[in-house]
Amino acid sequence: MSNATMTSMAAVTLNFISLIGTIFIGLICIFMLSVLLPSIIRKHNLVLILIANNYLALLVFALVA
34 MSNATMTSMA AVTLNFISLI GTIFIGLICI FMLSVLLPSI IRKHNLVLIL
84 IANNYLALLV FALVA
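Here it is, written out as structure tokens:
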């Protein structure tokens with residue numbers, strides 16, 4: 034195997050692992066939201082949690098990309 038082939042295989046493997054990690058973190062965020070939503074009554078708290086979740090998703094995307 035040449036160096037280019039090994040490098041591209043490593044890149045594909047790392048991208049696949051990061052994709053799985055992103056999906057896993059997204060599922061954790063959805064699970065946390067579904068657990069927290071029933072206990073939230075005021076809309077203000079809901080907006081804050083949605084904003085925090087959005088920033089968390091952007092951070093994960095920035096780390097992966």
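For what it's worth, the working numbering labels the leading residue of the sequence shown as 34, then goes sequentially. All C-beta atoms, glycine included, are put in the ideal place defined by N, C-alpha and C. In this text the structure is predicted, and so the values were computed from the model without any measurement.
Look at the alpha carbon of residue i and the alpha carbon of residue j, and state the distance between them as a whole number of angstroms.
i	j	result
Leu52	Thr38	21 Å
Ile58	Ser41	26 Å
Phe49	Phe94	14 Å
Phe64	Val80	17 Å
Ala44	Ile84	32 Å
Since residue i and residue j should fall inside the 8 Å C-beta cutoff, what is the C-beta to C-beta distance between them, to a whole number of angstroms?
i	j	result
Ile82	Leu92	Actually they do not touch by this definition, with Cβ atoms about 15 Å apart.
Leu89	Cys62	6 Å
Asn86	Leu66	6 Å
Should residue i be listed as close to the ligand PLP, given that the test is whether its C-beta is under 7 Å from any heavy atom?
i	result
Ala90	The model on display carries no ligand, and the ligand PLP is accordingly not part of it.
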